[in-house]
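In the numbering used here, the protein residues as written are -3 to 80.
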């Protein structure tokens, strides 16, 4: 159940519009390669799940497992949406 919470937290951070407005503002404010790499991590559900799980649990193992589960769910969703 904890892994489900961690994936849901990452999804919420990625999809919540007020956070997206802040990220868009940060992109326009800070131009450069380093800021692009950091801000692109918020677009990748696997990266965001890993870092948010690591920040919440302070457990590398849980962060890796949550990230792998997010990757698996994303892959299943992509395969399912192609069959439609």
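Glycine is no exception: its CB is placed at the ideal position from the N, C-alpha and C atoms.
All values derive from a computational prediction rather than experimental measurement.
Three-state secondary structure (DSSP) of residue i
{"i": "residue 38", "result": "coil"}
{"i": "residue 68", "result": "helix"}
{"i": "residue 25", "result": "helix"}
{"i": "residue 76", "result": "helix"}
{"i": "residue 48", "result": "helix"}
{"i": "residue 63", "result": "helix"}
{"i": "residue 55", "result": "coil"}
Counted within 10 angstroms of its Cβ, other Cβ atoms place residue i as buried (16 or more) or exposed
{"i": "residue 3", "result": "buried"}
{"i": "residue 37", "result": "exposed"}
{"i": "residue 44", "result": "buried"}
{"i": "residue 46", "result": "buried"}
{"i": "residue 49", "result": "buried"}
{"i": "residue 63", "result": "buried"}
{"i": "residue 51", "result": "exposed"}
Member of the options whose CA lies at the smallest distance from the CA of residue i
{"i": "residue 9", "options": "41, 74, 22 and 34", "result": "41"}
Continuous alpha helix (DSSP H) stretch holding residue i: start and end
{"i": "residue 1", "result": "-2 to 11"}
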